[in-house]
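Q: Residue numbers (my numbering), protein chains in the order written: chain A, 1 to 289; chain B, 290 to 607; chain C, 608 to 883.
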Amino acid sequence: MRTPLQRFRIPTRFRPVGLLPFFSFVALFLLWPAVSLFRLALQPTKNSEISAIHEAITGQYLESFIYTIKLSLLTALLGVLFGSLLAASVLRIQRPKWFRHFMTSFTGVAANLGGIPLAFAFIAALGTQGLITKLIDSFGINLADTGFRISNFAGITIVYLYFQIPLMFLIMVPAFDGLRATWAESAASLGAAPWQYWRHIGLPLLTPALLGGFLLLFSNAFSAYATAYALSSGGARLVPVQIRFFLQGNTITGKDNLGYALAAWMIIIMFITMTGYLIIRRRAEKWQQ
Amino acid sequence: MSALEFINVSKNFGGVQALEGFGLALAQGELVTLLGPSGCGKTTALRIAAGFETSDSGSIVVNSTDIAARPAHQRHMGMVFQSYSLFPHLNVRDNVSFGLRVRGIHSDERRKRAEEMLDLVRLSDLGHRMPHQISGGQQQRVALARALATEPHVLLLDEPLSALDAKIRVEVRDEIRRLNRDLGVTTLFVTHDQDEAMSISDRICVMNNGVIEQVGSPRDVYNNPSSSFVAHFVGSINTLHKGNTRILIRPENLVLTTHDENAQWRGVITDITFVGAFTKISLRLENDDTPISVLAISAQIDNSITIGLNIGINEAAQ
Amino acid sequence: MKRVGKAWPYIFIALAIIFFIAPLLSMARFAFQRIPVISLGKNNLFKKWTADGLLVTLRDPEFKHSLSVSLKVAFFTVIVLLLMMIPTTLLVHLSTPRWRGLVETVTILPYVVPPIALVVGVSGTYRSIAPWFLASNYSLVPFYAILAMPFTFRSLDVGIKALDLRTLVDAARSLGSSSLRVMWNVLLPNLRTSIVNATFLTITVVLGEFTIASLLLKRTLPMYMAQEQGREPQGALGLGLLILVLTTLLFTLVGMMRRKNSASNVPQQINSGMVP
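1. Quick check on A:Q196: buried or exposed, where buried means 16 or more other Cβ atoms within 10 Å of its Cβ?
2. Could you spell out where the beta strand (DSSP E) holding B:E294 opens and where it closes?
3. Within the continuous beta strand (DSSP E) that includes B:N527, where are the two ends?
4. Are the Cβ atoms of C:V813 and C:A681 separated by less than 7 Å?
5. Taking only beta carbons into account, state which residues of the stretch 828-854 of chain C come closer than 8 Å to chain A, listed in chain order.
6. Using a Cβ-Cβ distance under 7 Å, would B:A339 count as near chain A?
7. What residue from A:Q43, A:E63, A:L215 has the CA that sits closest to A:R237's CA?
8. Based on Cα-Cα distance, which residue from A:L190, A:S151, A:V90, A:L205 lies nearest to C:A621?
9. Check whether the Cβ of B:S672 lies closer than 7 Å to any Cβ atom in chain A.
10. On the DSSP bridge list, what partners appear for B:F478?
11. Against chain A, with Cβ distances strictly below 7 Å, would C:I723 count as a contact?
12. Closer than 9 Å, Cβ to any Cβ of chain A: which residues of the stretch 362-373 of chain B, in chain order?
13. At a Cβ cut of 8 Å, what residues of the stretch 683-709 of chain C count as close to chain A, listed as they run along the chain?
14. Shortest alpha-carbon distance to B:T480 belongs to which of B:I457, B:N469, B:L445?
15. Taking contact to mean at least 3 C-beta pairs separated by less than 8 Å, is the stretch 446-464 of chain B in contact with the stretch 494-506 of chain B?
16. Start and end of the beta strand (DSSP E) containing B:A361?
17. Measure the alpha-carbon distance for A:Y277 versus A:L161 and round it to whole angstroms.
18. Run through the stretch 495-522 of chain B for me and flag every whole beta strand (DSSP E) of 3 or more residues, listed as ranges in chain order.
19. Can you give me the start and stop residues for the alpha helix (DSSP H) that C:R597 sits inside?
20. Going by alpha carbons, who is nearest to B:R539 out of B:A585, B:I561, B:E575, B:I558?
21. Quick one: what does DSSP say B:E604 is sitting in, helix, strand or coil?
22. Do you know offhand how far B:R392's Cα is from A:E55's?
23. Tell me, please, which residues DSSP counts as bridged to A:P44.
24. With 16 as the cutoff for other CB atoms within 10 Å, does A:A131 come out buried or exposed?
25. Measuring CB to CB, does A:F125 end up less than 7 Å from A:L231?
26. Going by DSSP, name the residue or residues bridged to B:A314.
27. Below 7 Å CB to CB, which residues in the same chain sit around B:E485 once its five sequence neighbours on both sides are set aside?
28. Check each residue of the stretch 380-397 of chain B: if its Cβ is closer than 8 Å to any Cβ of chain A, include it; give the result in chain order.
29. According to DSSP, is C:D764 part of a helix, a strand, or is it coil?
30. Of all the CB atoms in chain A, is at least one closer than 7 Å to the CB of B:I376?
31. Considering only their Cβ atoms, is the gap separating C:T809 from C:A755 smaller than 7 Å?
32. My understanding is that A:L210 touches A:S84, with C-beta atoms under 8 Å, so please give their C-beta distance in whole angstroms.
33. Between which two residues does the beta strand (DSSP E) carrying B:G347 extend?
34. Got a sec, what are the start and stop residues for the alpha helix (DSSP H) A:F22 sits in?
35. Give me the subset of the stretch 412-444 of chain B whose CB atoms are less than 9 Å from a CB atom of chain A, sorted by chain position.
36. Just mark A:T146 as buried or exposed, buried being the case when its beta carbon has 16 or more other beta carbons within 10 Å.
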């Protein structure tokens with residue numbers, strides 16, 4: 001094939017050499033550390049017969065995984081639901097025109113708003129000394145008595161929704177935009193009532209975005225660390241926070257391999273999730289052109 | 290009894306009068322074209338008939354029933370858009386049988402009917418294909434089959450040919466005309482292209498600024514335009530002066546003459562365009578610089594007719 | 608019935624705005640009002656507002672140090688990323704189109720390895736082999752470049768696709784430009800939007816990243832904030848708010864630029880990798 005860079009006169013089979021810096025960089029700073037995790041995780045821990053990667057899915061560690069996956073599933077589900085509703089609502093409002101741009105910019109910030117500042121904001125709002133806690137208290141409801149803590153399951157769920165909903169919003173706005181008005185009108189003229197349009201046309205066409213969004217939100221919550229850490233000062237039962245404990249406490253426990261094993265399992269779960277996401281995206285691309 | 294009738298329909302879009310006292314009746318099996326420049330209200334009229342817009346006043350009558358208050362999905366109209374708008378996740382057959390599916394018709398019968406409809410538009414081999422795997426012309430024929438599968442009261446076509454290539458456009462145009470004749474389906478066709486309107490319609494309804502300028506057969510509208518707007522919009526026309534009166538003459542109703550010293554007008558040839566059987570000659574009138582054009586049979590034009598020639602122009606004998 | 612149908616988008620948006628604004632307002636109140644929540648009431652709602660806490664923090668030499676570390680790391684991350692990704696992306700479009708699929712897949716890999724897993728792997732490998740490397744603040748640079756790689760590639764990829772590169776390069780050639788000059792005079796100016804876009808996103812990622820910095824014990828801005836929360840909570844929260852405001856401005860700027868000469872409507876800030 002003739003290419004515009006022919007003038008360089010590099011024989012075709014040497015051309016990929018130009019990609020060497022990129023591949024070496026990824027290999028050195030991403031693949032090597034990631035693959036080494038698995039090697040380290042296969043060794044047994046102190047006072048244990050089984051390999052760390054096996055031990056990491058037993059007992060309290062298994063519980064941690066279940067807890068983290070539950071949290072990720074729940075925040076992904078709620079994020080999909082509310083994010084889609086928010087996108088549909090914002091698109092319904094035609095005027096003023098700037099409103100939609102404003103919402104897109106704002107959600108762009110919020111979707112990326114993780115870590116320390118977000119945790120601060122929610123501690124100031126819903127922590128034991130929080131403003132909203134106080135507001136609710138003035139209506140006669142003591143938040144702490146209901147079992148709610150900003151660092152327990154319900155609390156982390158609410159905090160995570162702060163970035164999950166905007167992320168889903170950003171995924172769904174183009175998806176809703178992709179639904180052409182003439183499809184709805186064609187369906188109506190063919191006798192489909194609005195619910196039939198959504199059942200047979202609208203929902204199937206949105207399914208890739210909904211499913212893909214769900215997987216993206218799941219992986220987003222699953223790999224989140226900073227927010228959870230700052231919310232509960234390292235005491236949470238989330239896998240990412242547990243990994244930190246092993247990495248820093250390795251001299252005491254002698255179980256630092258467990259940290260590697262937990263991280264390896266995270267990569268496996270993320271790999272499955274992202275593969276699913278890519279398959280869905282590839283399939284949808286076919287008829288979205 | 291007419292198959293579809295607009296009675297005194299008006300529609301205002303935020304201060305812009307899109308339709309004003311619009312009245313039109315389509316006889317059973319008739320193909321009527323709404324023709325006009327963009328923004329003349331033709332699409333609005335079609336969308337009001339389909340139920341996608343509601344009129345501010347007036348009624349839409351189908352088979353003696355006023356359906357103005359009915360939602361679109363209860364009107365039983367077949368609609369075809371410029372953008373094909375096939376459902377991208379359904380194959381061709383499922384697209385065609387969609388209207389039957391939402392009516393709860395059994396799948397075997399749906400399949401049979403879809404095959405029939407695809408036969409009708411000569412695409413029976415493509416039933417299993419996805420919309421993105423077939424050409425634009427094929428997609429539009431599938432859209433026609435889909436709209437006709439439920440045997441609608443009226444077929445509504447919104448610029449269905451505008452997105453197609455010139456050659457395919459003629460094919461699909463003839464297809465529409467054939468389906469209209471063979472099935473006897475009343476058809477309302479919207480276009481801004483006068484050639485399209487001329488070649489396909491039983492009657493043309495020329496519109497401008499939300500009102501009807503003229504309704505009549507293509508021949509009628511062309512030969513006896515009721516207004517200067519219609520004369521200019523349908524075909525091309527020259528504005529000439531005969532003494533103190535202004536007259537409108539079609540290019541083919543003028544003849545050039547090299548030897549008549551008393552020709553009605555004189556002008557200088559500025560351009561000669563050969564278009565096959567005919568040749569279009571552009572001129573500039575001697576006394577008032579008005580550009581005009583004359584359409585002559587090519588066989589009658591010889592080498593003496595050249596650019597820059599001063600020549601006499603007469604009205605053709607009727 | 609119809610009225611409810613028309614009202615629900617407004618109701619839902621109102622609820623959403625409350626959900627998104629309330630934590631920020633609480634944060635602002637905590638940062639800038641010197642009254643404990645317990646004694647807060649209607650009569651003193653607007654009293655004792657002050658920016659003293661934030662000012663104390665801003666004057667803290669440790670803050671200045673952490674800011675300079677974060678800015679330096681951000682600067683070098685941007686340089687490394689652009690030097691690596693611009694030639695790579697151009698190459699897969701111009702010269703080795705068969706490799707595009709593989710390169711694109713590789714740029715998605717950082718999503719498969721969460722930052723916490725990456726940093727654990729890093730300490731499991733580099734700590735024993737090259738401890739001097741992890742001792743330097745700049746050891747963060749390659750890993751932040753990895754985090755920012757997916758959207759940097761996407762941004763450049765979309766920009767190049769929109770250019771009709773082949774025609775552009777051929778046109779410049781026919782006018783007698785050499786290959787390197789084509790690169791410098793024709794391609795880079797046309798990719799300006801993509802480059803600025805990727806640069807801004809990278810900066811926000813680096814300024815917000817906590818996981819890797821915290822486990823490698825680097826004194827970056829987010830690390831400083833987390834520590835300051837224990838010493839001077841008002842200053843820490845004020846700083847958090849300030850960073851939020853600045854990030855919002857940056858994003859609005861990028862968004863405005865993208866809208867002005869946009870190649871695609873897909874918001875590229877999706878999954879910038881900064882998340883949380």
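Each residue gets a CB set at the ideal place from its N, CA and C atoms; glycine is no exception.
A: Inspection of the coordinates gives the following:
1. By the 10 Å Cβ count, A:Q196 comes out buried.
2. 293-302 is the extent of the beta strand (DSSP E) around B:E294.
3. Run containing B:N527: 527-531, per the beta strand (DSSP E) assignment.
4. Yes, they are a contact pair.
5. From the stretch 828-854 of chain C, only P829, M832, A833, Q836, A843, L844, G847, L848, I850, L851, T854 have a Cβ closer than 8 Å to chain A.
6. Interface flag for B:A339 against chain A is set, since a Cβ pair is found closer than 7 Å.
7. Considering only alpha carbons, the answer is A:E63.
8. Minimum Cα distance to C:A621 is reached at A:V90.
9. For chain B, the structure presents residues 290 to 607; residue 672 of chain B sits outside this window and is missing.
10. B:F478 pairs with B:T322, B:L446.
11. For C:I723, the answer is yes, since a Cβ of chain A falls inside 7 Å of its Cβ.
12. Going along the stretch 362-373 of chain B in chain order, one finds H362, Q363, R364, H365, M366, G367, M368, V369, F370, Q371, S372, Y373 with a Cβ nearer than 9 Å to chain A.
13. Against chain A - using a Cβ distance shorter than 8 Å - the residues of the stretch 683-709 of chain C are M691, M692, P694, T695, L698, V699, L701, S702, T703, P704, W706.
14. Nearest C-alpha to B:T480: B:L445.
15. In short, these stretches do not touch, since the Cβ pair count stays below three.
16. Counted as a single uninterrupted DSSP element, the stretch harbouring B:A361 is not any beta strand (DSSP E), since DSSP gives it neither H nor E.
17. When rounded, the distance between both Cα atoms is 20 Å.
18. Counting whole runs of 3 or more residues, the stretch 495-522 of chain B contains the beta strand (DSSP E) stretches 500-505.
19. No statement about residue 597 of chain C is possible, as the shown extent of chain C runs from 608 to 883 and does not include it.
20. Here the closest residue by C-alpha is B:A585.
21. Strand at B:E604.
22. It is roughly 58 Å from the alpha-carbon of B:R392 to the alpha-carbon of A:E55.
23. Answer is A:S51.
24. Residue identity differs from the one stated: residue 131 of chain A is Leu in this sequence, not Ala. Classification for A:L131: buried.
25. Note that residue 125 of chain A is Ala in the sequence shown here, rather than Phe. Not a contact, by the Cβ cut-off of 7 Å.
26. Under DSSP, B:A314 shares a beta bridge with B:E294.
27. Shown here for B:E485: same chain residues with a beta carbon closer than 7 Å to its own, the five before and five after excluded, namely L450, R462 in chain order.
28. Going along the stretch 380-397 of chain B in chain order, one finds F387, G388, R390, V391, R392 with a Cβ nearer than 8 Å to chain A.
29. Residue state for C:D764 is assigned as helix, using DSSP reduced to three classes.
30. Going by the sequence as given, residue 376 of chain B is Phe instead of Ile. With 7 Å as the cut-off, B:F376 counts as an interface residue toward chain A.
31. Contact: yes.
32. The distance from the Cβ of A:L210 to that of A:S84 is about 7 Å, consistent with a contact at the 8 Å cut-off.
33. Counting along the chain, the beta strand (DSSP E) containing B:G347 begins and ends at 346-351.
34. Counting along the chain, the alpha helix (DSSP H) containing A:F22 begins and ends at 20-26.
35. Taking 9 Å as the cut-off between beta carbons, the residues of the stretch 412-444 of chain B near chain A are M419, P420, H421, A432, R435, A436, A438, T439, P441, in sequence order.
36. Per the 10 Å Cβ criterion, exposed.
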